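Taking it in order: structure first as structure tokens, then the write-up.
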């Protein structure tokens with residue numbers, strides 16, 4: 081094995097280890113939001129352009145936090161997104177046959193709050209969120 | 554499930570590897586097959602293991618630290634320009650990425666890193682290119698694409714070890 085290969089081996093090993101140590105963009109976003117660092121809005125817009133245009137940076141970030149990552153949010157069905165954050169009510173419904181929840185944290189969106197039929201609005205909005213999240217996750221850069 | 558390389562060997566394919574070769578492995582995953590290749594090329598040879606997913610590269614780094622002639626690379630094989638200064642010219646390219654664009658990725662990397670007369674091996678999964686067409690039909694279209702700049706040395710059907718898989722060895726003109 082010649083010197084060039086030896087040098088490249090050490091360089092690549094170090095670089096890969098460094099890369100693995102870096103937290104993912106999702107984790108940086110969650111960290112920034114929790115520590116009330118206001119640059120999170122910019123990051124959210126870069127990470128999920130369609131989602132932020134649809135529901136705003138704050139709600140988009142909250143959804144990503146509740147789902148734990150953008151990938152998990154993108155793989156969710158819209159009915160799951162609709163009741164995201166209302167798990168207590170959902171499981172109470174499944175266990176004790178109470179009424180099912182109509183909305184989780186997407187209740188914070190004005191179009192749900194101001195609607196006359198809140199359940200219908202939440203259902204429609206969650207369908208659109210589902211599409212936007214999928215589009216953001218499956219960008220060309222993400223493969 | 555055994556490695557595709559071993560499956561091809563069991564089917565009687567001769568792998569054109571010799572001691573001292575420098576190999577680029579695309580889609581290294583946990584580094585099971587790269588480890589075998591590193592063993593085959595001996596201490597004089599070298600294996601560059603490339604994968605895109607951080608989760609599997611964590612395991613790959615552990616494997617590479619054990620062997621003097623292996624090194625990990627965390628890059629997307631679809632963008633060879635990003636890692637072109639991290640590797641040297643190689644004697645062989647081995648590709649095991651099951652994706653729709655796998656032939657495209659293969660050709661891109663060959664044009665950039667393989668030396669003239671070097672061998673290139675692709676483990677082709679026909680189902681990931683077209684899930685409706687039969688495997689022979691897909692193989693024909695892939696063959697046409699490969700023959701543009703390469704000479705096909707051998708084609709092995711990996712059945713019964715791997716379903717719908719072909720092991721194709723090519724040589725750069």
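Residue numbers (the working numbering), protein chains in the order written: chain A, 81 to 223; chain B, 554 to 726.
Glycine residues also receive a C-beta, built at the ideal position from the N, C-alpha and C atoms.
Computed from a predicted model, the values in this text were never measured in an experiment.
field: Complete beta strand (DSSP E) runs within the segment 631-679 of chain B (minimum length 3 residues, chain order)
entry: 643-648, 667-678
- prompt: Based on Cα-Cα distance, which residue from 183/A, 180/A, 188/A lies nearest to residue 140/A?
  reply: 188/A
query: Does DSSP put residue 717/B in a helix, in a strand, or in coil?
result: coil
message: If you measure between the beta carbons of residue 185/A and residue 199/A, is that distance less than 9 Å?
response: no
message: Residues of chain B with CB closer than 7 Å to the CB of residue 92/A, please, in chain order.
response: Within 7 Å of the CB of residue 92/A, the CB atoms of chain B belong to 624, 625, 626, 639, in sequence order along the chain.
query: Would you report the Cα separation of residue 680/B and residue 652/B, rounded to the nearest angstrom?
result: 9 Å
- prompt: So is residue 143/A buried or exposed if we call it buried at 16+ other beta carbons inside 10 Å?
  reply: buried
Reduced DSSP secondary structure (H/G/I, E/B, other) of residue 725/B: strand
field: Entirely enclosed beta strand (DSSP E) segments - the segment 115-169 of chain A, minimum 3 residues
entry: The segment 115-169 of chain A contains no whole beta strand (DSSP E) run of 3 or more residues.
message: Using C-beta distances below 7 Å, list every residue in its chain close to residue 678/B, excluding the 5 sequence neighbours before and after it, in chain order.
response: 651, 717, 718
query: Taking three-plus beta-carbon pairs below 8 Å as touching, is the segment 653-672 of chain B in contact with the segment 90-109 of chain A?
result: Contact between the segment 653-672 of chain B and the segment 90-109 of chain A is absent, because fewer than three Cβ pairs lie under 8 Å.
task: Look up residue 704/B in the DSSP assignment and say whether it is helix, strand or coil.
output: strand
- request: Tell me residue 709/B's beta-bridge partners as DSSP assigns them.
  value: 720/B
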